[in-house]
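Student:
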DNA sequence: AGGAAAATTGAATCGTAAC
DNA sequence: GGTTACGATTCAATTTTCC
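Residue numbers (my numbering), protein chains in the order written: chain S, 1 to 362; chain R, 1001 to 1362.
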């Protein structure tokens, strides 16, 4: 672990570069391999604009056998690099994920979960010929059935408003300022993953100081999030433009403080804090008006900690779901309110609470 | 289609029984194959009660190769039985779905979507060692890449509050009265699928009168829902207890009325009416001036139903495309004209026509 | 400046009836 | 079966432009 090229983005072919790294040197691997999309013609939106699809050479394979051989090779190397108790995450779509999963099983990986990344804002199906392809799949696997892999259960539970994190994650695409762009203002990389996805992956399955490998680094999301979260990374990428941009991105990233990095202890569950306790304590007065990020819906806080909006009344979660028509809703992150002229998330109450243990309402 | 054992639950081994059915006889197939779950020992809840998992003999395979061979055999038969434009649905979990999907692709099936069934009430992860396994995956595939498969897009959109249906479906498990039970009140089948799931599958990909095959019929959900929705079924099951229960279940089921079975029709299935027929009937006089929404271009209606603008002459579609430089154009929604002081879309002619069948111009 | 309307965009395997 | 021409089809989130 001494001569590892830590916290670097290595330039080279993925398989070849992995071969130069020592056995059992990685605590975790995140891999976003080519999807082998096999797009045929150009696709237009109903307004006649052309969809900018993935037509890069790196996503072209002659046939399934060629793709499988490539997949088997890099996955075998990945398994060799993983520590005995390490885990690997591989992301894909229906075009390739079945081949990925089957080959992983054949190589001896032990699948722990398949995770569905439900996209908040997927591209629609413009021709009305299929269901909106609104998700991608992550396979999370241990090196083998006997691995004592790491899973930060309590941290995941805390991230999910104190109920077990499910295998379906609802996260937005990488857009706006987060998306890296070239000199012409066009997206640098066609498939840049959102930081929120890597954040959850790393928090779930690694600890501070762990070494994370990304064999298909691309725009460097894994590397950047590893640095932010106090993990080490080894990233591999072959395209010089991506490497240059990713290095600048990592450079600009700052590591969080140890305090911020202290995740929920795995031993015992932190007492769940009901929303109503904040109202009781006057930290959020009854009568306060909450609204969502877009200010499309609003509701008023009642003295018992319920929300009222029109004829509806319910918990912060129920009301968020009801007013948006969603099956469920995390009220802590859904609602916002105004405080000292600023708009703040409801979740700030819990954040501040955890830093001030004297106000324990457990 | 004459000697098919329609609307019966056949007793026998799945592959062998399929072999006796003729090529291209099934419009749709729904398959819920064994999951190859490799549960090591009993699973206990925190209160020490035993979780009633899948441990039936039919779900045991020696290794991946054995499972793959079985899978390849029944999927090959399924493909033979499918009509040219038929589709197949296969459901699985991370234990087996990657092998299913890869083999389907190898056999020539063309995947249309992978659908995530998000369970409203999944079993929690009692040990806290993984994410709650809260979904199963359905693979929806056509017989091949050139299939003109059926997808009732408008019906799915209507089911989803008029936004197109996504690839993630949120549906409850099969519980309560819907769950078949034996004489002891215990669940009859370990993996009985909810009727809502089959309802959506059948409404999405079949029409009234279609023939649906279920090679792993189990508790008969596919057969029951096919009968209710006016589809024919051929079901295969080898376990006598399941067959008996499923036959009684189907018997008790009633077919909905034709009225209740009417779904939102797709526009492309409504008979076409040539634009010229409206001119012939005088519903739109020759000489009428058409213009686009922004009144940027205009054209005059000729007696033969063509449009003229400057030196150009052509159909409503060709002219719309030509005058805007677009590669194609739907003239019906592109053009407007003035009627009784109001600006109306050209498409109003077809709308009014369909409401006044006496004006039949067929 | 501020608010409203318009434009942009995303890992996409995205026609078919009629002649 | 091949060819031609019709004509169906989009959601959410940002960002940019317009008033």
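A virtual CB, placed ideally from N, CA and C, is assigned to each residue, including glycine.
With 7 Å as the limit, tell me which residues of the region 1242 to 1268 of chain R have their beta carbon closer than that to any beta carbon of chain S; keep them in chain order.
Tutor: none
Student: What's the call for residue 1116 of chain R, buried or exposed, on a 16-neighbour Cβ count within 10 Å?
Tutor: Locating residue 1116 of chain R in the second chain gives position 116, counting from the first residue. Buried, since its Cβ has 16 or more Cβ neighbours within 10 Å.
Student: Apart from the five residues just before and just after residue 109 of chain S, which ones in its own chain have a Cβ nearer than 6 Å to its Cβ?
Tutor: Numbered from its first residue, the first chain carries residue 109 of chain S at position 109. 141, listed in sequence order.
Student: Report the neighbours of residue 1326 of chain R on chain S: residues whose CB is nearer than 9 Å to its CB, in chain order.
Tutor: On the second chain, residue 1326 of chain R is found 326 positions in, with the first residue counted as 1. Correct list: 48.
Student: According to a CB-to-CB cut-off of less than 9 Å, which residues of the region 1088 to 1104 of chain R neighbour chain S?
Tutor: 1093, 1094, 1095, 1097, 1098, 1099, 1100, 1101, 1102, 1103, 1104
Student: Would you grab the beta carbon distance between residue 1253 of chain R and residue 1272 of chain R for me? Rounded to a whole angstrom, and I think it's under 8 Å.
Tutor: Counting from one through the second chain, the residue named residue 1253 of chain R turns up at place 253. Counting from one through the second chain, the residue named residue 1272 of chain R turns up at place 272. Their Cβ separation, rounded to whole angstroms, is 38 Å, which puts residue 1253 of chain R and residue 1272 of chain R out of contact at 8 Å.
Student: When the cut-off is 7 Å and only beta carbons count, does residue 34 of chain S lie next to chain R?
Tutor: If you number the first chain from 1, residue 34 of chain S lands on position 34. No Cβ of chain R is located within less than 7 Å of the beta carbon of residue 34 of chain S.
Student: Under 8 Å Cβ to Cβ from residue 74 of chain S, same chain only, skipping five residues before and after it: list those, please.
Tutor: Here residue 74 of chain S refers to the residue found at position 74 of the first chain. Cβ neighbours of residue 74 of chain S beyond the five flanking positions: 14, 15, 18, 31, 33, 215.
Student: According to DSSP, simplified to helix, strand and coil, what is residue 1335 of chain R?
Tutor: The residue given as residue 1335 of chain R occupies position 335 in the second chain. Three-state DSSP puts residue 1335 of chain R in coil, outside helix and strand.
Student: Taking only beta-carbon atoms, is residue 1343 of chain R less than 7 Å away from chain S?
Tutor: Within the second chain, the letter at position 343 stands for residue 1343 of chain R. No, residue 1343 of chain R lies away from the interface with chain S (no Cβ there is under 7 Å from its Cβ).
Student: Given this structure, state the Cα-to-Cα distance separating residue 1346 of chain R from residue 326 of chain S, to the nearest angstrom.
Tutor: Along the second chain, read from residue 1 onward, the residue named residue 1346 of chain R stands at position 346. Along the first chain, read from residue 1 onward, the residue named residue 326 of chain S stands at position 326. Those two C-alpha atoms are separated by around 38 Å.
Student: Between residue 1244 of chain R and residue 1068 of chain R, what straight-line distance do the alpha-carbon atoms span, to the nearest angstrom?
Tutor: Here residue 1244 of chain R refers to the residue found at position 244 of the second chain. Here residue 1068 of chain R refers to the residue found at position 68 of the second chain. Distance between the alpha carbons of residue 1244 of chain R and residue 1068 of chain R is about 30 Å.
Student: Taking all protein chains shown into account, decide if residue 1312 of chain R is buried (16 or more other Cβ within 10 angstroms of its Cβ) or exposed.
Tutor: Taking the first residue of the second chain as position 1, residue 1312 of chain R is located at position 312. With fewer than 16 other Cβ atoms within 10 Å, it is exposed.
Student: Can you check the region 1128 to 1165 of chain R for any alpha helix (DSSP H) of at least 4 residues that lies completely inside it and give the ranges in chain order?
Tutor: As far as the region 1128 to 1165 of chain R is concerned, its whole alpha helix (DSSP H) runs of at least 4 residues are 1153 to 1159.
Student: I want to verify the contact list: residues of chain R whose CB lies under 8 Å from the CB of residue 168 of chain S, in sequence order.
Tutor: As a first step, residue 168 of chain S is located in the first chain; it is residue number 168 there, counting from the start. Residues of chain R passing the Cβ test: 1116, 1118, 1134, 1135, 1168.
Student: Thinking C-alpha only, which one of R:1234, R:1218, R:1196, R:1221 is nearest residue 1209 of chain R?
Tutor: Residue 1209 of chain R sits at position 209 when you count from the first residue of the second chain. Nearest C-alpha to residue 1209 of chain R: R:1234.
Student: Taking 7 Å as the CB-CB cut-off, is residue 1015 of chain R touching chain S?
Tutor: Within the second chain, the letter at position 15 stands for residue 1015 of chain R. No, no contact with chain S.
Student: Closer than 8 Å by beta-carbon distance: list the chain S residues that pair up with residue 1106 of chain R, in chain order.
Tutor: Your numbering for residue 1106 of chain R matches position 106 in the second chain. What residue 1106 of chain R touches in chain S: 64.
Student: According to DSSP, is residue 1270 of chain R part of a helix, a strand, or is it coil?
Tutor: Here residue 1270 of chain R refers to the residue found at position 270 of the second chain. The answer is coil: DSSP assigns residue 1270 of chain R none of H, G, I, E or B.
Student: What did DSSP end up calling residue 28 of chain S once you bin it into helix, strand or coil?
Tutor: Counting from one through the first chain, the residue named residue 28 of chain S turns up at place 28. In this structure, residue 28 of chain S counts as strand in the three-state DSSP scheme.
Student: Sorted by chain position, which residues of the same chain lie with C-beta nearer than 7 Å to residue 1182 of chain R's C-beta, five sequence neighbours on each side aside?
Tutor: Counting from 1 along the second chain, the entry for residue 1182 of chain R is found at position 182. Once the five neighbours on either side are set aside, the close Cβ partners of residue 1182 of chain R are 1188.
Student: Run through chain R and tell me which residues come within less than 7 Å of residue 164 of chain S, C-beta to C-beta.
Tutor: Looking up residue 164 of chain S in the first chain gives position 164. Simply 1124, 1125, 1132.
Student: Could you check where the beta strand (DSSP E) with residue 89 of chain S kicks off and where it finishes?
Tutor: In the first chain, residue 89 of chain S corresponds to position 89, counting from 1. Per DSSP, the unbroken beta strand (DSSP E) holding residue 89 of chain S starts and ends at 82 to 92.
Student: According to DSSP, is residue 326 of chain S part of a helix, a strand, or is it coil?
Tutor: Mapped onto the first chain, residue 326 of chain S falls at position 326. In the structure shown, residue 326 of chain S sits in coil (DSSP, three-state: anything other than H, G, I, E or B).
Student: Per DSSP, which one or two residues make a beta bridge with residue 235 of chain S?
Tutor: Mapped onto the first chain, residue 235 of chain S falls at position 235. According to DSSP, which records beta bridges pairwise, residue 235 of chain S is partnered with S:9, S:214.
Student: Please state the DSSP three-state secondary structure of residue 1254 of chain R.
Tutor: In the second chain, residue 1254 of chain R corresponds to position 254, counting from 1. Three-state result, residue 1254 of chain R: coil.
Student: In the DSSP assignment, find the alpha helix (DSSP H) that holds residue 1264 of chain R and state where it starts and stops.
Tutor: To locate residue 1264 of chain R, count along the second chain from 1; it is residue 264. Looking at the DSSP string, residue 1264 of chain R is not in any alpha helix (DSSP H), and its letter there is neither H nor E.
Student: Compute the Euclidean distance between the alpha carbons of residue 297 of chain S and residue 306 of chain S, then round it to the nearest angstrom.
Tutor: Indexing the first chain from 1 puts residue 297 of chain S at position 297. Indexing the first chain from 1 puts residue 306 of chain S at position 306. Spanning the two alpha carbons is a distance of roughly 16 Å.
Student: Against residue 1313 of chain R, what residues of chain S qualify as contacts under a CB-to-CB distance less than 7 Å, listed in chain order?
Tutor: Position 313 of the second chain, counting from 1, holds the residue named residue 1313 of chain R. In chain order: nothing, as chain S lies at least about 23 Å away.
Student: For residue 346 of chain S, does the three-state DSSP call read helix, strand or coil?
Tutor: Translated into the one-based positions of the first chain, residue 346 of chain S becomes position 346. Coil, per DSSP.
Student: Listed from N- to C-terminal order along the chain, which residues in the region 1268 to 1293 of chain R have their beta-carbon within a distance smaller than 7 Å of any beta-carbon of chain S?
Tutor: none
Student: Would you kindly work out how many angstroms separate the C-alpha atoms of residue 160 of chain S and residue 330 of chain S, rounded to a whole number?
Tutor: If you number the first chain from 1, residue 160 of chain S lands on position 160. If you number the first chain from 1, residue 330 of chain S lands on position 330. About 8 Å.
Student: Under a three-way DSSP split, which group does residue 1003 of chain R fall into?
Tutor: Here residue 1003 of chain R is taken as the residue at index 3 of the second chain, counted from 1. The answer is coil: DSSP assigns residue 1003 of chain R none of H, G, I, E or B.
Student: The beta strand (DSSP E) spanning residue 314 of chain S covers which residue range?
Tutor: By one-based count along the first chain, residue 314 of chain S stands at place 314. Per DSSP, the unbroken beta strand (DSSP E) holding residue 314 of chain S starts and ends at 312 to 314.
Student: Based on Cα-Cα distance, which residue from R:1118, R:1318, R:1349, R:1218 lies nearest to residue 1279 of chain R?
Tutor: In the second chain, residue 1279 of chain R corresponds to position 279, counting from 1. Of R:1118, R:1318, R:1349, R:1218, the residue nearest in Cα terms is R:1349.
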